[in-house]
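A quick write-up on the structure given underneath.
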Amino acid sequence: MAALLQVTDLEVAFRTHDGPLRAVDGVSFAVDAGQIVAVVGESGSGKSVMAMTLLGLTRGANASFGGTAQFGDVELVGATEDELRAVRGAQIAMIFQNPMTALNPVQRIGRQIVEQIRAHEPVSRAAARARTVELLDRVGIPQAATRVDAFPHELSGGMRQRAMIALALSCQPRLLIADEPTTALDVTIQAQILAEIEELRRETGVGVVFITHDLGIVSQIADQVLVMYGGRVVESAPVDAMFDDPQHPYTWGLLGSAPTAERARRSRLPAIGGSPPSLLRPPAGCHFAPRCPHSFDPCGQTPALRDRLADRPGHLDRCWLEPGQKRRLREVDGQIGLAAAERAG
Amino acid sequence: MSAAGADRVPLLAASGLQQRFPVTRSLLFGRPSSYLTAVDDVSLALHEGETLGVVGESGCGKTSLARCLVRLARPTGGTVHYRGQDITHASARQLRPIRAEIQMVFQDPEASLNPRQRVGQIVATGLRLRGVGGSAADREVRNLLAQVGLNPEHVNRFPHEFSGGQRQRIGIARALAVQPKVIVLDEPVSALDVSIQAQVVNLLDDLQQEQGLSYLFVAHDLAVVRHVSDRIAVMYLGQIVELAAADEVYGRPLHPYTAALLAAIPSTDPARRRGRHRPAVAPGEPGNPISPPPGCRFHPRCGRATDVCRTTQPPLVAYSGGHLAACHHPLGVESVGS
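So the sequence lines, in the order shown, correspond to chains A and B.
The C-terminal residue of the first sequence carries number 345 in our numbering, and the numbering is unbroken.
The C-terminal residue of the second sequence carries number 683 in our numbering, and the numbering is unbroken.
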């Protein structure tokens, strides 16, 4: 069965005052129906640009693209605006980080959802409104029949995010792109929204691209994980393999840096030294090499993203290190982490 | 853990602290029609050399509490003591020597650093207050920058020339310039990426070890708070619902709200991941601090709530090991001692 979405060698570059900025540099991955693919990375890793490019939201005079993104019989990167408009909202929906800026503040939420339904389907206003109330109810908004006439500012942050999910679901999309959908929310509300997204996936079989910087969320809802660094995917694996046997030093660093509620005080966090690369002038070869305590000569060349473990064909990484050594190298105080750099840096 | 803490005079202490803000005023000289009680009868003490974490969700009053403690705001009730001295209503002049001992680091380094001042000037302001000037100040600024892990050569740069993590380091250097005893940190790492967050957390840890600083660490991220704190206070709608040693709060939470908060943290812990169990999530949302629910403020979201919870506010009671919790039906405690 062909994947729902197949992204191959996606490249996005922006012409800037200071030269070309390669925001996305050869990203490939696939999403199946009913699958949650998490994309993790820090600010500037290219994860949001990658997602927005799938919906044609990064197009502009200074942007150039490469590679393909096949969604059914539409190729999204080269699609015309008309083709994209037919897909956007109807077959691929997006949930943004900040619902306050993503919803229209001067329109009642119901009207925004009705508008989307009627843009894609020939239904009456009344039928669309009835479906809207149903949707709001379904995503857990209490008193949906009255809240349908609320303005976004009249709802709490959690309720606004639910309204946005209702908007995203209104045309039964086959693919949902969620860009940090819970980052602006409190933990107890975040847990509710995550449960909601998981339930939707189970019930409707929607495929989800879930962008986040929070490894805890990844471990809880993802099936497949992509780790992005400096515009590239540095590791791609099923979720358990990613956490139990991570292959890329940047992934080790991420796992080590995140304090966990289970870890007691005074265990020093094995932080990653330095800061992420500039995408205007990325380092030659492996983008992580300047911050990597394990870098050696071959790192001046860019390693391909491929499977390096004989017994695990689905686990890809971009690292020249010998897989056999990694288990030893990534061990810091009995936990996975990045050892302190020997060099200052 | 400070066993001797009880008989020592705490460094910074709040007692029955209350902070109310008027919400709506009728035209001109009208009286406020209602109040938002951001901090409601909060008592806590920060001891020398310790880190006291304050956690809670947005709107629980943790930032208002922090601002009252450093007297950036004047509380509407209760008292604040610094080394036994009442500073609740101290004037700006009286506060001056105390300001040199209590510093604050803010959440958003973008907004809390003057964009038109060079880093050297920003950090040197505190030095001037200490009476350090001229070439001695120059040397000291460079020392401070090096101490927080910045390049001393960058004294003449502006804040916008630094990354978010570096800007937070500048804020820390500015706080250190007056050689404070206490630093109140309001969400100091929540605007930062994880790898940078870890660097700043480690830096704070080093500074505490070297200089014997005391921290009041306010944050919403329970994992970070656990990592840095000796003791933790959990706030809900303006009140402390639980206060205990960090390991106690995480290992044996007594208040159902604390338990719900802990359960809601997405975990990378293999044991919790394996089961992929969806923990009991507190339903609903925090109430409105303008008209909080009667009785226990958490009762509308609590699975253990009974009639008494709907009518009577539970007091903060000490359980074994000095573990404080405000709940009629604490978890894992059979009958509540009267």
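We put the CB at the ideal spot given by N, CA and C, even for glycine.
Remember, it's a predicted structure, so these values are computed and weren't measured experimentally.
- request: Pair every Cβ in the segment 244-261 of chain A with every Cβ in the segment 538-547 of chain B, then say whether three or more of these pairs are closer than 8 angstroms.
  value: yes
- prompt: Are residue 215 (chain A) and residue 37 (chain A) close, meaning C-beta to C-beta below 8 angstroms?
  reply: no
field: Burial state of residue 657 (chain B) (16 or more Cβ within 10 Å)
entry: exposed
message: Rounded to whole angstroms, what is the Cα-Cα separation between residue 510 (chain B) and residue 492 (chain B)?
response: 15 angstroms
message: Can you find the residues in the same chain that come closer than 6 angstroms, C-beta to C-beta, to residue 339 (chain A), ignoring five residues on each side of it along the sequence?
response: Contacts found: 293 and 332.
query: If you draw a straight line from the C-alpha of residue 427 (chain B) to the C-alpha of residue 401 (chain B), how long is it?
result: 24 angstroms
- request: Figure out for me which residue from A:203, A:152, A:156 and A:157 has the closest Cα to the Cα of residue 172 (chain A).
  value: Among A:203, A:152, A:156 and A:157, the Cα nearest to that of residue 172 (chain A) is on A:203.
field: Assumed close pair residue 235 (chain A), residue 247 (chain A) - CB separation to whole angstroms, cut-off 8 angstroms
entry: 6 angstroms
- prompt: CB-CB under 7 angstroms to residue 342 (chain A), same chain, minus the five flanking residues each way: which ones, in chain order?
  reply: Low per-residue confidence applies at residue 342 (chain A): pLDDT is 44, beneath 50, and the placement is therefore not dependable, though the value from the model is reported in the following sentence. Taken in chain order, the residues that qualify are 293.
- prompt: Ends of the alpha helix (DSSP H) at residue 464 (chain B)?
  reply: 464-474
message: Tell me the residue span of the beta strand (DSSP E) that contains residue 486 (chain B).
response: Element bounds for residue 486 (chain B): not the beta strand (DSSP E) but the alpha helix (DSSP H), 479-492.
query: Can you list the residues of chain A that residue 538 (chain B) reaches, using a CB-CB cut of under 7 angstroms?
result: 42, 43 and 213
task: Identify, in the order they occur along the chain, each residue of the same chain with its Cβ nearer than 6 angstroms to the Cβ of residue 163 (chain A), setting aside the five sequence neighbours on each side.
output: 109
query: Got a sec? Which residues, its chain only, sit under 6 angstroms from residue 295 (chain A) by beta carbon, not counting five neighbours each side?
result: 289
- prompt: Would you report the Cα separation of residue 7 (chain A) and residue 29 (chain A), rounded to the nearest angstrom?
  reply: 5 angstroms
task: List the residues that DSSP assigns as beta-bridge partners of residue 366 (chain B).
output: B:381
message: On the CB-based measure, 16 or more other CB atoms within 10 Å of its CB, does residue 10 (chain A) come out buried or exposed?
response: buried
Cross-strand partners of residue 663 (chain B) (DSSP beta bridge): B:669
- prompt: In whole angstroms, what separates the C-alpha of residue 344 (chain A) from that of residue 230 (chain A)?
  reply: Because residue 344 (chain A) carries a pLDDT of 35, less than 50, the predicted location of this residue cannot be relied on, and the following value inherits that uncertainty. If you take the alpha carbons of residue 344 (chain A) and residue 230 (chain A), they lie about 21 angstroms apart.
Below-8 angstroms beta-carbon distance, residue 453 (chain B) vs any chain A residue: no
task: Identify whether residue 610 (chain B) lies in helix, strand or coil by the three-state DSSP scheme.
output: coil
- request: Answer with yes or no whether the minimum CB distance from residue 392 (chain B) to chain A is below 8 angstroms.
  value: no
task: Count the CB pairs spanning the segment 545-558 of chain B and the segment 583-598 of chain B that are closer than 8 angstroms, and state whether there are at least three.
output: no
message: Quick check: the Cα distance between residue 316 (chain A) and residue 128 (chain A), rounded to an integer number of angstroms?
response: 45 angstroms
- prompt: Thinking C-beta only, is residue 421 (chain B) closer than 8 angstroms to residue 574 (chain B)?
  reply: no
Chain A contacts made by the segment 508-531 of chain B, where a contact means CB separation under 9 angstroms: 508, 509, 510 and 511
query: When the Cβ atoms of the segment 474-481 of chain B are set against those of the segment 425-439 of chain B, are three or more pairs found closer than 8 angstroms?
result: no
Minimum length 4: unbroken alpha helix (DSSP H) runs contained in the segment 408-454 of chain B: 437-444
field: residue 570 (chain B) beta carbon less than 8 angstroms from that of residue 398 (chain B)
entry: yes
message: Please give me, in chain order, every unbroken run of the beta strand (DSSP E) with length at least 3 that falls completely inside the segment 126-192 of chain A.
response: 175-179
field: Beta-carbon proximity list for residue 103 (chain A), same chain, < 8 angstroms, skipping 5 on both sides
entry: 109, 112, 152, 160, 163, 164 and 167
task: Would you identify the three-state DSSP class for residue 343 (chain A), choosing helix, strand or coil?
output: Because residue 343 (chain A) sits at a pLDDT of 37, beneath the cut-off of 50, its placement in the model cannot be relied upon, and the following sentence gives the value as read from the coordinates. Coil at residue 343 (chain A), not helix or strand.
message: So for residue 347 (chain B), helix, strand or coil by DSSP?
response: Annotation note: pLDDT 43 at residue 347 (chain B) (below 50); position unreliable, coordinate value reported separately. Three-state DSSP puts residue 347 (chain B) in coil, outside helix and strand.
Paired residues, beta bridge with residue 580 (chain B) - DSSP: B:585
query: Which word fits residue 522 (chain B), buried or exposed, when buried means at least 16 other C-beta atoms lie within 10 angstroms of its C-beta?
result: Buried is the call here.
Straight-line gap, residue 81 (chain A) to residue 75 (chain A) (C-alpha atoms, nearest Å): For residue 81 (chain A) and residue 75 (chain A), the distance between alpha carbons rounds to 12 angstroms.
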